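Q: First the structure, which I've put down as structure tokens, then a few questions once you've had a look.
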Amino acid sequence: MTIPTDPNGTLERVVESGQLRVGASPADSALSIDDGEVSGPLAELVEEFADEYDAEVDWTVGGEEMLVQGLEDGDLDLAVGDMTDASPWTSRASATRAYTQLPGLEGRSTVMFLPMGENRMQAALEAFLDKEVGG
Amino acid sequence: MKTLGRTDLPVKQQDAIRSAIRWEVFTIGYTIVTIGVIALVLGGSQAMKTAWIEDMLSLIPQMSFLLALVFIRREPTRAFPFGLHRTMGVGHLVAGVALLVVGGTLAVEAIGGLLRQEHPAIGTVVVFGRTVWLGWFMIAVMSLIVIGPFFYGHAKAKLAPVLHNKVLYADADMAKADWTTTVASIVGVAGIGLGIWWLDGAAALFISLGIMWDGFRNARAAVLDLIDQRARTHDDKHPHPLIDRIVADLEMEPWVDRAAVRMRDMGQVFHVEAFVVPRRRKIAVADIERARAMVADLDWKMQDVSIIVTPSLPDEAVGREG
Numbered sequence: 001m002t003i004p005t006d007p008n009g010t011l012e013r014v015v016e017s018g019q020l021r022v023g024a025s026p027a028d029s030a031l032s033i034d035d036g037e038v039s040g041p042l043a044e045l046v047e048e049f050a051d052e053y054d055a056e057v058d059w060t061v062g063g064e065e066m067l068v069q070g071l072e073d074g075d076l077d078l079a080v081g082d083m084t085d086a087s088p089w090t091s092r093a094s095a096t097r098a099y100t101q102l103p104g105l106e107g108r109s110t111v112m113f114l115p116m117g118e119n120r121m122q123a124a125l126e127a128f129l130d131k132e133v134g135g
Numbered sequence: 136m137k138t139l140g141r142t143d144l145p146v147k148q149q150d151a152i153r154s155a156i157r158w159e160v161f162t163i164g165y166t167i168v169t170i171g172v173i174a175l176v177l178g179g180s181q182a183m184k185t186a187w188i189e190d191m192l193s194l195i196p197q198m199s200f201l202l203a204l205v206f207i208r209r210e211p212t213r214a215f216p217f218g219l220h221r222t223m224g225v226g227h228l229v230a231g232v233a234l235l236v237v238g239g240t241l242a243v244e245a246i247g248g249l250l251r252q253e254h255p256a257i258g259t260v261v262v263f264g265r266t267v268w269l270g271w272f273m274i275a276v277m278s279l280i281v282i283g284p285f286f287y288g289h290a291k292a293k294l295a296p297v298l299h300n301k302v303l304y305a306d307a308d309m310a311k312a313d314w315t316t317t318v319a320s321i322v323g324v325a326g327i328g329l330g331i332w333w334l335d336g337a338a339a340l341f342i343s344l345g346i347m348w349d350g351f352r353n354a355r356a357a358v359l360d361l362i363d364q365r366a367r368t369h370d371d372k373h374p375h376p377l378i379d380r381i382v383a384d385l386e387m388e389p390w391v392d393r394a395a396v397r398m399r400d401m402g403q404v405f406h407v408e409a410f411v412v413p414r415r416r417k418i419a420v421a422d423i424e425r426a427r428a429m430v431a432d433l434d435w436k437m438q439d440v441s442i443i444v445t446p447s448l449p450d451e452a453v454g455r456e457g
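Printed below as a string of structure tokens:
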């Protein structure tokens, strides 16, 4: 058992299933969506994170509210886009620390959303982002 | 500080009051530091938040003690013929009500979080280039600050009976029990770390019920004194022993047949109404004045003593049989 751990076992499930379910909302050049195809440097960063756990990213495209709902319902493990640390959704989803050097979103205090209280998953993601783009 | 209103303080009480002021100032400083440190590590834990707000609330009795001291030392005036001793009781009441209301709000918040099954989120921080779970820092901070209240709690608990000060006593009592709050917040954060999400809400509920209980006890004690219950000891456990002492001493006077006392607690000092039934129909003014002086000299807390000569003792006054 690791501390912190996920009450709902998100990271464990990602490792076991080899699948990271990520919700994407468009974010300028960082994350673009064409015909349901997700691309851009932010998307690549998320795929690298999945790769660390030998998982593939299963993208779901939607608006922020839909993605937050997906996190709440347990249908998504992560939501990315152009959300900042001033986002109003933080009572329904857990936001990471703000990162100002995410590829394509430099200078903005961007956060990613996780299901509430999946703290191992959040620690893993934040550690990855600290390593890749700095705090 | 040598006097309280009209009362000259004995040396022991003068020292105790200086010491109490120093401890209260130290406690306020210490608490402000802990509030600041906890703010640095505050995350999504409801238990931490509750413990944090409790720390802020604990400043109210300390500040009201210091503030009331400014007023209770003033001499009685025409406008305030009894002095301003009740300010201590008012401060006590305000502190009690604040604890009760905020404790209640926090309890409702904790219960709501548990019912909605909100899973508390605690992220990480970067320290010296390493990503560390913030929960570890919460536990470290709380383990450090658990120590302080033991020292100042016991120091103030020693001073409270010397000064017969109920605000100081309640403050000391809360400080001595403060470790339960700190331990509960550690349990809550550890629960989050172990994935037992409800442990955080349960710890928050435990802490907030403790705050409410403190609030209830303080408000109750303050109200009972403000509505002039019979004077009791500083911990409210027993009727004050001076009552029996006054009755016994008055009945030793050769001209007194029977005596009974009504004594109320003004917050720091007492008001005594002593009823005496004389043996004969005529009594000397000098006898009455001597009896008054004797009662006033019994203890430094005797602020106002009235001797009332009466043909029979009122039922509500405490006589020899208690």
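Line order of the protein sequences matches chains A and B.
Counting in this note's numbering, the final residue of the first sequence is number 135, and the numbers go up one at a time with none missing.
Counting in this note's numbering, the final residue of the second sequence is number 457, and the numbers go up one at a time with none missing.
All C-beta atoms in this analysis are idealised placements derived from N, C-alpha and C, irrespective of residue type, glycine included.
Since we're looking at a predicted model, the values are computed, not measured.
1) Which whole runs of the alpha helix (DSSP H) in the stretch 160–216 of chain B are 4 residues long or more, in chain order?
2) In the stretch 21–92 of chain A, which residue ranges form an unbroken beta strand (DSSP E) of at least 3 residues, counting only runs that do not cross its ends?
3) Please report how far the alpha carbon of R416 of chain B lies from the alpha carbon of A383 of chain B, in whole angstroms.
4) Within the same chain, show all residues whose beta-carbon is closer than 6 Å to that of R209 of chain B, passing over the 5 residues directly before and after it, in chain order.
5) S94 of chain A bridges to which residues according to DSSP?
6) Interface residues of chain A around A256 of chain B at Cβ under 7 Å?
7) Taking only beta carbons into account, state which residues of the stretch 29–49 of chain A come closer than 8 Å to chain B, listed in chain order.
8) From B:E408, B:I282, B:A310, B:L433, pick the residue whose C-alpha is nearest to that of P196 of chain B; which is it?
9) I think S320 of chain B touches I346 of chain B, with their Cβ atoms under 8 Å apart; what is that distance to the nearest whole Å?
10) Kindly indicate which residue of B:G248, B:R399, B:G239, B:D371 has the alpha-carbon position closest to the one of W333 of chain B.
11) Could you check how far apart the C-beta atoms of T266 of chain B and E126 of chain A are, in whole angstroms? I think they sit under 8 Å.
12) Considering Cα atoms alone, identify which of B:P255, B:L340, B:H369 is closest to A307 of chain B.
13) Thinking just about the alpha-carbon of each residue, which of A:D28, A:A93, A:T90 is nearest to the one in G81 of chain A?
14) Can you find a CB in chain A that lies within less than 7 Å of the CB of W268 of chain B?
15) Please list, in chain order, the residues of the stretch 167–181 of chain B that have any C-beta partner in chain A closer than 9 Å.
16) Within the 7 Å Cβ cut-off, does G457 of chain B reach chain A?
17) Quick one: give me the first and last residue of the beta strand (DSSP E) that S441 of chain B is part of.
18) With DSSP collapsed to three states, give me the class of Q403 of chain B.
19) I'd like to know if the stretch 376–390 of chain B and the stretch 411–431 of chain B are in contact, where contact means that at least 3 CB-CB pairs between them fall below 8 Å.
20) So with CB distances below 8 Å, who are the chain B contacts of A86 of chain A?
21) Just the Cα atoms here: how many angstroms apart are V236 of chain B and Q438 of chain B?
22) I want to verify the contact list: residues of chain A whose CB lies under 8 Å from the CB of E253 of chain B, in sequence order.
23) To the nearest angstrom, how far is it from the Cα of G134 of chain A to the Cα of Q101 of chain A?
24) Mind pulling the chain B residues with CB within less than 9 Å of R97 of chain A?
25) Going by other Cβ atoms of all chains shown within 10 Å of its Cβ, with 16 needed for buried, is T185 of chain B buried or exposed?
26) Return the CA-CA distance between I170 of chain B and L177 of chain B, expressed in angstroms with no decimal places.
27) For K293 of chain B and V261 of chain B, what's the separation of their Cα atoms in angstroms?
28) Beta-carbon separation of G117 of chain A and P296 of chain B under 7 Å?
29) I167 of chain B: buried (16+ other C-beta within 10 angstroms of its C-beta) or exposed?
30) In chain B, what lies closer than 7 Å to E126 of chain A by C-beta?
31) In chain order, what residues of the stretch 307–337 of chain B put their CB closer than 7 Å to some CB of chain A?
32) If we ignore side chains and look at the alpha-carbon of each, how far apart do Y99 of chain A and A55 of chain A end up?
33) How would you call D400 of chain B, buried or exposed, if buried means at least 16 neighbouring beta carbons within 10 angstroms?
34) So, L67 of chain A versus G23 of chain A, is the Cβ gap smaller than 7 Å?
35) Output yes if chain B places a C-beta closer than 7 Å to the C-beta of D77 of chain A; else output no.
36) Note down, in chain order, every chain B residue with its Cβ under 7 Å from the Cβ of P103 of chain A.
A: On the basis of the coordinates in this document:
1) 181–192, 194–207
2) 32–34, 37–39, 56–61, 78–80
3) 22 Å
4) L219
5) A:L114
6) S94, M116, G117, N119, Q122
7) none
8) B:A310
9) Between I346 of chain B and S320 of chain B the Cβ distance is about 13 Å, and since that is not below 8 Å, they are no contact.
10) B:G248
11) 6 Å
12) B:H369
13) A:D28
14) yes
15) G179
16) A caution first: G457 of chain B carries a pLDDT of 49, below 50, which makes its placement in the model unreliable, though a value can still be read off. Chain A, which has no Cβ nearer than 7 Å to the Cβ of G457 of chain B, makes this no.
17) 437–444
18) coil
19) yes
20) Here the premise fails: no neighbours, minimum Cβ distance about 17 Å.
21) 34 Å
22) M116, G117
23) 7 Å
24) G258, T259, V260, V261
25) buried
26) 10 Å
27) 44 Å
28) no
29) exposed
30) G258, T259, T266
31) I327, G328, L329, G330, W332
32) 23 Å
33) buried
34) yes
35) no
36) Under the 7 Å cutoff, chain B gives no residues; its nearest Cβ is about 19 Å from P103 of chain A.
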